[in-house]
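Novice:
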Amino acid sequence: MKEFKTDKVYLLSYLVLSCLYVLFLAVVAFKYGINLNFFVLVLLMLPILIRVYSLIKKKIQISDNGIEIEDIFKSGFVRWSDIDSVGISMRRKIFLILSLKDGGAFLIDDNVEGFEDILKEIEKHVPKDRLPENWEEAVSSYKPSRSGIFLVLLAILVILYVVFKSFMG
4 MKEFKTDKVY
14 LLSYLVLSCL
24 YVLFLAVVAF
34 KYGINLNFFV
44 LVLLMLPILI
54 RVYSLIKKKI
64 QISDNGIEIE
74 DIFKSGFVRW
84 SDIDSVGISM
94 RRKIFLILSL
104 KDGGAFLIDD
114 NVEGFEDILK
124 EIEKHVPKDR
134 LPENWEEAVS
144 SYKPSRSGIF
154 LVLLAILVIL
164 YVVFKSFMG
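Heads up: the sequence shown begins at 4 in our numbering, then just goes up one per residue.
1. In the DSSP output, which residue or residues are listed as bridge partners for G106?
2. Quick one: is V25 buried, meaning 16 or more other Cβ sit within 10 Å of its Cβ, or exposed?
3. At the level of alpha carbons, what is the spacing between V45 and N38?
4. Take every Cβ of the region 110-128, pair it with every Cβ of the region 6-22, and state whether three or more of those distances are shorter than 8 Å.
5. Could you check how far apart the C-beta atoms of N68 and R54 are, in whole angstroms? I think they sit under 8 Å.
6. Alpha carbons only, please: which of I125, R133, K123, S148 is nearest the one belonging to M93?
7. Please list, in chain order, all residues of the same chain as F80 whose beta carbon is under 7 Å from its beta carbon, the five residues on each side excluded.
8. Kindly indicate which three-state DSSP category F80 falls into: helix, strand or coil?
9. Would I75 be called buried (16 or more neighbouring beta carbons within 10 Å of its own) or exposed?
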């Protein structure tokens, strides 16, 4: 059985963002006190914390019987024979869509370590007629998307700037 978890760099970038946001909240509380605006800023942190939790919990296990996907939003085991079709979206972020015969679907994004190995395992276990026409081209030209990390790093830089400026005056 092969196991895949969230890319460590991706997870680390979100953890750093969370820590800096807490520092930002501490600066706001110190300078302006705890008021309604402070609580609004705390609420704005909830999506970040949910994302961090989902990245920590994400796990994909692949065996000869099927693929098990653990996520905070949708988890389950899918037998290879239950996959009706596989789709792949290769835009700003790369997604793998597993459509099931019962009408359900699972979405796997490429912020998982070894995503390329997941693609190879799917190619190995799912019949060719259930793969998209551009499958071989997509797999051979796959490059990890790093736009998510760049956006998180940009947010980190903005928060660092705001915190730094608040200490300077």
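The C-beta atom is built at its ideal place from N, Cα and C for all residues, glycine as well.
Specialist: With the structure as the only source:
1. Beta-bridge pairing links G106 to no other residue.
2. Exposed, by the Cβ-count rule.
3. Straight-line spacing of the CA atoms in V45 and N38 works out to 11 Å.
4. Between the region 110-128 and the region 6-22, the count of C-beta pairs closer than 8 Å reaches three or more; the two stretches touch.
5. Not confirmed; about 31 Å, so no contact.
6. Measuring from the Cα of M93, the nearest candidate turns out to be S148.
7. G69, E71, listed in sequence order.
8. The three-state reading of DSSP puts F80 in strand, counting E and B together.
9. For I75, the number of other beta carbons within 10 angstroms of its own is below 16, and it is reported as exposed.
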